[in-house]
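A quick write-up on the structure given underneath.
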Amino acid sequence: MKNVLFVASECSPFIKTGGLADVIGSLPQALKENKRIDVQVMLPLYDEILDEWKTKMDFYTSIRVPLGWRNQEAKIYTLTYNQITYYFISNDYYFSRKGVYGYYDDGERFVFFSRAVIEALNHLEQKPHILHAHDWQAGMAVALAKIIQPIKDLKTIFTIHNLKYQGIMPIETFHDFFQLPPEHIGGMEWHGMLNCLKSALFHADKITTVSPAYAEEIKDPYYGEGLDPILIERSADLVGILNGIDNKEYNPLTDPALPVKYRSSRARKTENKIILQEKLGLPVNGESPLYIMITRLDEQKGLHLVMHILDEFLQEDVQFILLGTGDEGFEAYFADMAHRYPEKVVSLLTFNEDLARQLYAAADFFIMPSKFEPCGLAQLIALQYKTVPIVRETGGLKDTVQPFNEITVEGNGFSFSNYNAHELLTVLRYSLTIYHNLELWAALNRNVNKSQFSWKNSAQEYMKLYDSLDVQYA
Numbered sequence: 001m002k003n004v005l006f007v008a009s010e011c012s013p014f015i016k017t018g019g020l021a022d023v024i025g026s027l028p029q030a031l032k033e034n035k036r037i038d039v040q041v042m043l044p045l046y047d048e049i050l051d052e053w054k055t056k057m058d059f060y061t062s063i064r065v066p067l068g069w070r071n072q073e074a075k076i077y078t079l080t081y082n083q084i085t086y087y088f089i090s091n092d093y094y095f096s097r098k099g100v101y102g103y104y105d106d107g108e109r110f111v112f113f114s115r116a117v118i119e120a121l122n123h124l125e126q127k128p129h130i131l132h133a134h135d136w137q138a139g140m141a142v143a144l145a146k147i148i149q150p151i152k153d154l155k156t157i158f159t160i161h162n163l164k165y166q167g168i169m170p171i172e173t174f175h176d177f178f179q180l181p182p183e184h185i186g187g188m189e190w191h192g193m194l195n196c197l198k199s200a201l202f203h204a205d206k207i208t209t210v211s212p213a214y215a216e217e218i219k220d221p222y223y224g225e226g227l228d229p230i231l232i233e234r235s236a237d238l239v240g241i242l243n244g245i246d247n248k249e250y251n252p253l254t255d256p257a258l259p260v261k262y263r264s265s266r267a268r269k270t271e272n273k274i275i276l277q278e279k280l281g282l283p284v285n286g287e288s289p290l291y292i293m294i295t296r297l298d299e300q301k302g303l304h305l306v307m308h309i310l311d312e313f314l315q316e317d318v319q320f321i322l323l324g325t326g327d328e329g330f331e332a333y334f335a336d337m338a339h340r341y342p343e344k345v346v347s348l349l350t351f352n353e354d355l356a357r358q359l360y361a362a363a364d365f366f367i368m369p370s371k372f373e374p375c376g377l378a379q380l381i382a383l384q385y386k387t388v389p390i391v392r393e394t395g396g397l398k399d400t401v402q403p404f405n406e407i408t409v410e411g412n413g414f415s416f417s418n419y420n421a422h423e424l425l426t427v428l429r430y431s432l433t434i435y436h437n438l439e440l441w442a443a444l445n446r447n448v449n450k451s452q453f454s455w456k457n458s459a460q461e462y463m464k465l466y467d468s469l470d471v472q473y474a
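The UniProt record's numbering puts the first residue of the sequence shown at 1, with every later residue one more than the last.
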């Protein structure tokens with residue numbers, strides 16, 4: 001049996017700030033269905049983790065963690081949930097804080113976490129054959145696993161969830177954080193800085209990212225965030241494996257947040273639309289096409305494109321609802337649009353999980369015109385709730401949304417290729433044309449109903465990757 005240890009900075013249901021937590025929460029559950037593999041997960045023990053989980057944890061052991069000239073203690077707690085063993089690394093100085101990220105010493109915090117992972121490996125009852133680390137916060141664990149070699153022949157995989165965030169620190173921190181010979185600095189340095197993500201790219205046996213299209217895109221300077229040279233160099237070891245979605249967690253037939261549950265019925269979706277219109281003060285009309293955005297208000301999400309064309313698109317007989325928080329400039333814009341178009345626009349500058357699900361269930365179209373998108377979860381949720389996605393052809397959006405073709409009646413959504421506001425407006429208008437053509441709209445919805453992106457397929461691809469490694473069994 002292969003023993004795989006996942007190392008990450010967040011994991012649902014314990015602690016979540018974004019899509020990374022969904023992956024770390026769901027992928028091990030899908031992998032455990034294969035009897036040839038045992039997956040364990042190692043995480044920081046944040047103050048933000050709810051007491052309902054902390055009270056279920058058992059003390060496992062205490063270790064000393066060298067961090068340069070310092071020698072700190074880390075306590076390890078363990079919890080079994082849904083037949084997966086989770087290890088939580090506790091240190092009051094680094095992790096007993098409000099929130100998860102955003103501190104000036106985040107680099108140091110996650111270098112400590114990575115070093116603690118390495119120290120913990122030989123204390124585990126089941127020694128891992130493969131260390132599978134995720135995003136920059138766990139990147140140094142890959143590097144240190146290769147440099148220190150705590151377990152002979154330990155293989156390493158590093159998964160990029162978002163290349164934009166790299167864990168960059170001054171080069172002087174190499175001497176401050178590591179007691180390593182100077183020849184190792186080259187594997188950690190990038191453009192005169194210490195770079196946690198680059199360190200993982202340099203040392204990992206295999207590199208994955210969360211969609212095939214993104215794996216190709218990041219070898220191009222436009223998407224490569226400055227790391228495209230090393231990604232090209234490691235391209236033989238780089239593979240894109242599409243993320244999945246938890247079909248039990250996101251199921252409109254059982255979702256307790258929905259006023260009207262359904263499997264694929266458009267009539268029941270329309271009931272949800274009418275209830276939402278009444279709730280939010282929009283004109284009640286089940287026939288009026290409803291477009292939604294559920295997003296972080298960030299430049300990455302294509303909001304500049306929306307700003308350029310929304311006035312023009314709202315001249316059509318449509319309704320538009322936005323749910324999300326973020327950049328103050330974007331928040332101000334969408335608040336102003338709701339003020340100017342009270343009969344057509346609602347801007348919900350907050351985030352509420354139940355409300356998000358009600359929007360997915362009520363909407364006809366989901367807009368996601370991202371500048372870049374490694375995989376994307378929202379378009380998968382939209383498809384699961386039988387809402388037609390409108391996306392830009394990038395990363396995982398390109399891999400999961402096929403543009404509808406009215407000649408062949410194939411495709412499960414709408415898409416446009418260039419990061420261009422006019423192209424977005426054109427495809428929005430085209431979606432309206434299809435909506436008002438009953439025959440084509442029915443065909444499109446049949447395709448949406450067939451769209452499946454469960455974790456089962458992704459887990460099979462990861463198993464192939466694990467099998468490709470020459471694992472030495474003890």
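Where a beta carbon is used, it is the ideal one built from N, C-alpha and C, also for glycine.
Source: prediction; values computed, not measured.
| Item | Value |
| --- | --- |
| Return yes when the Cβ of A459 is within less than 9 Å of the Cβ of G224, no when it is not. | no |
| Using the DSSP secondary-structure output, state which residues sit across from C11 in a beta bridge. | I15 |
| Nearest to I294 by CA position, among R97, L303, E217, is which residue? | L303 |
| Between which two residues does the beta strand (DSSP E) carrying L303 extend? | From DSSP, L303 is part of no beta strand (DSSP E) but of the alpha helix (DSSP H) over 303 to 313. |
| Pair every Cβ in the segment 402 to 414 with every Cβ in the segment 270 to 282, then say whether three or more of these pairs are closer than 8 Å. | no |
| Just checking, does the segment 358 to 365 make contact with the segment 379 to 388 on the three C-beta pairs under 8 Å criterion? | yes |
| Around the C-beta of V448, are 16 or more other C-beta atoms found within 10 angstroms, so that it is buried, or is it exposed? | buried |
| Count Cβ pairs between the segment 280 to 287 and the segment 338 to 352 that sit closer than 8 Å; are there 3 or more? | yes |
| Buried or exposed: L221, going by 16 or more other Cβ atoms within 10 Å of its Cβ? | Checking the sequence shown, residue 221 turns out to be Pro, not Leu. So P221 counts as exposed. |
| Would you tell me roughly how many angstroms separate the C-alpha atoms of Q379 and E183, rounded to the nearest one? | 45 Å |
| Measuring alpha carbon to alpha carbon, tell me which of K54, L5, D51 ends up nearest I37. | L5 |
| At 3 residues or longer, what runs of the beta strand (DSSP E) sit wholly inside the UniProt domain "Glycosyl transferase family 1" (283 to 430)? | 290 to 294, 319 to 323, 345 to 348, 365 to 368, 388 to 392, 414 to 416 |
| Please report how far the alpha carbon of K423 lies from the alpha carbon of H436, in whole angstroms. | Before going on, a small fix: residue 423 reads as Glu here, not Lys. If you take the alpha carbons of E423 and H436, they lie about 20 Å apart. |
| Pick out the complete beta strand (DSSP E) segments inside the segment 103 to 141, 3 residues or longer, and give them in chain order. | 130 to 134 |
| What distance in whole Å lies between the Cβ atoms of V100 and Y165, which are believed to be in contact at a cut-off of 8 Å? | Between V100 and Y165 the Cβ distance is about 13 Å, and since that is not below 8 Å, they are no contact. |
| Answer yes or no: do Y87 and Q40 have a C-beta to C-beta separation smaller than 9 Å? | yes |
| Can you give me the C-alpha to C-alpha distance between R392 and D298, rounded to a whole angstrom? | 16 Å |
| Buried or exposed for P259, please, with buried defined as at least 16 other CB atoms from any protein chain shown within 10 angstroms of its CB. | exposed |
| Compare the beta carbon distance of S370 and K301 with 9 Å and say whether it is the shorter of the two. | yes |
| Going by DSSP, which residues form a beta bridge with Q40? | L5, T85 |
| Using three-state DSSP, classify V23 as helix, strand or coil. | helix |
| Give me whichever residues DSSP pairs with Y77 in a beta bridge. | F59, F88 |
| For Q72, name the three-state secondary structure that DSSP assigns. | strand |
| Restricting to Cα atoms, I'd like to know which of D58, M42, E287, F95 is closest to E48. | F95 |
| Mind checking E73: buried by the 16 CB within 10 Å criterion, or exposed? | exposed |
| Let me know the secondary structure DSSP gives V65 once reduced to three states. | strand |
| Output the distance between the C-alpha atoms of K2 and G25, rounded to the nearest integer angstrom. | 19 Å |
| At a cut of 8 Å, does the segment 117 to 134 reach the segment 151 to 166 through at least three beta carbon pairs? | yes |
| Might you give, ordered along the chain, the residues of its own chain that have their beta carbon closer than 7 Å to the beta carbon of D470, omitting 5 neighbours on each side? | none |
| Could you check the C-alpha separation between R263 and D246 for me, to the nearest Å? | 16 Å |
| Quick one: Cα of N445 to Cα of A335, how far? | 32 Å |
| Going straight from the alpha carbon of K32 to that of A332, what length do you get? | 46 Å |
| Going by Cα to Cα distance, which pick from G240, L242, I241, S265 is closest to P252? | S265 |
| In the DSSP assignment, the beta strand (DSSP E) including N195 goes from what residue to what residue? | 193 to 195 |
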